[in-house]
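According to the numbering used here, the stretch in the sequence shown is residues 18 to 306, in order.
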Amino acid sequence: MDILEKVRKEGLVFDGAMGSILIGKGITGGEASELWNLKHPDIIMEIHRAYYDAGSDVACANTYGASAIKLKKMGVTQSVEEVNRTGVKIARKACGKGQYVAGELGSLGDMLHPMGPVSFNEAVDCFAHQAGFLEDEGVDVFLIETIFDINIALAAIKAIQSVSEKPVFCSLTFKKMKKGFFTIFGNTPKDSMKSLVDAGASVVGANCSMGSKTMIDLAGEIKKEIDIPVIIMPNAGMPETTKDNAVFYPEDETFFANNIKKIKGLGVEVVGGCCGTTPEYIKKIKEII
Numbered sequence: 018m019d020i021l022e023k024v025r026k027e028g029l030v031f032d033g034a035m036g037s038i039l040i041g042k043g044i045t046g047g048e049a050s051e052l053w054n055l056k057h058p059d060i061i062m063e064i065h066r067a068y069y070d071a072g073s074d075v076a077c078a079n080t081y082g083a084s085a086i087k088l089k090k091m092g093v094t095q096s097v098e099e100v101n102r103t104g105v106k107i108a109r110k111a112c113g114k115g116q117y118v119a120g121e122l123g124s125l126g127d128m129l130h131p132m133g134p135v136s137f138n139e140a141v142d143c144f145a146h147q148a149g150f151l152e153d154e155g156v157d158v159f160l161i162e163t164i165f166d167i168n169i170a171l172a173a174i175k176a177i178q179s180v181s182e183k184p185v186f187c188s189l190t191f192k193k194m195k196k197g198f199f200t201i202f203g204n205t206p207k208d209s210m211k212s213l214v215d216a217g218a219s220v221v222g223a224n225c226s227m228g229s230k231t232m233i234d235l236a237g238e239i240k241k242e243i244d245i246p247v248i249i250m251p252n253a254g255m256p257e258t259t260k261d262n263a264v265f266y267p268e269d270e271t272f273f274a275n276n277i278k279k280i281k282g283l284g285v286e287v288v289g290g291c292c293g294t295t296p297e298y299i300k301k302i303k304e305i306i
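This is the structure we're talking about:
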């Protein structure tokens, strides 16, 4: 079934976190997680398979920060092409019948002009370079996620459209302020979502930056403002630190999944998890919804 048809008829469940799981597997703070596609493909494969087995309809290739600009900033000397192609190949190998692979884009590692050194056109070129490899490897859909600057999202959408006709899902990050939800640049959900829709995104929404309970209100606001499908993928709460400086996420699987059920009750078609979530969270979501 075409992925957009499935969204309309049945909805979709994406996977959960990759980065926070890799921290548990031993990745260090200064290491690019995408490099594990080459160094530890067995671990990446194991994570994808666990998500599919838990009930994820879609797993995201481990390519979120695999743009040339970000990889260079992280000191990665391996080719951008190899990192991206291998990421999709691993996800595709784990993918079963009736399941999908998303090519994931997001991090440039730098901000756009005038706040940073990267121009809009440079961002488009960089994302198009990356997206071309993902398209060549046969992803079913593109996911642009964890974006705090609407202009980065627009650059990524334009870039994908230059190399592919596949659907583009796009998810921004917001903060809850006294006057409502805003990106760090002050964009409202209404204005942000309209910009993404006008640019040609097929599914839009929010992920990361807040726990599942807070995300219920944001999901309702987004759903009210647009007439295309919505994607919502919260964190398992906001990260906290133990006495020995270990980071943990406070929401357990049941609490999280019950809030996802409330989000689905608002009419949201596509759900999943972000930081702190694991295959166990996805399994609980499938049980509850």
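Ideal Cβ placement from N, Cα and C applies to all residues, glycine included.
Check	Outcome
Those runs of the alpha helix (DSSP H) which lie wholly inside the segment 129–187 and span at least 4 residues	137–153, 167–180
Where Val93 falls: helix, strand or coil (DSSP)	coil
Selected residue, minimal CA-CA separation from Val220, among Asp261, Ile249, Leu125	Ile249
Residues that Met250 bridges to, as DSSP identifies them	Asn224
Nearest-angstrom Cα separation, counted from Cys112 out to Ile61	13 Å
Rounded separation between Gly228 and Lys279 - CA only	13 Å
Beta-bridge partners of Glu257, as assigned by DSSP	Phe265
Per-residue burial, Glu121 [other beta carbons within 10 Å of its own, 16 or more giving buried]	buried
Beta-carbon separation (whole angstroms), Thr163 vs Thr190, contact threshold 8 Å	6 Å
6 Å CB neighbourhood of Pro296 in its chain, flanking five on each side removed	Ala67, Tyr68, Ala71
DSSP-derived helix/strand/coil call for Tyr69	helix
Nearest-angstrom beta carbon gap, Ile64 and Met35 [assumed within contact, 8 Å]	6 Å
Glu27 versus Thr294, Cys292, Lys281, Ile44, residue with shortest Cα-Cα distance	Lys281
Through-space distance from Lys300 to Ala274, alpha-carbon basis	9 Å
Inter-residue Cα distance where the pair is Val264 and Cys291	15 Å
Contact test: Lys42 Cβ vs the ligand COA heavy atom, cutoff 7 Å	Among the components of this structure there are no ligands whatsoever, and the ligand COA is therefore not found.
Opening and closing residue of the alpha helix (DSSP H) in which Val214 lies	206–216
Distance, Ile20 Cα to Ser136 Cα	33 Å
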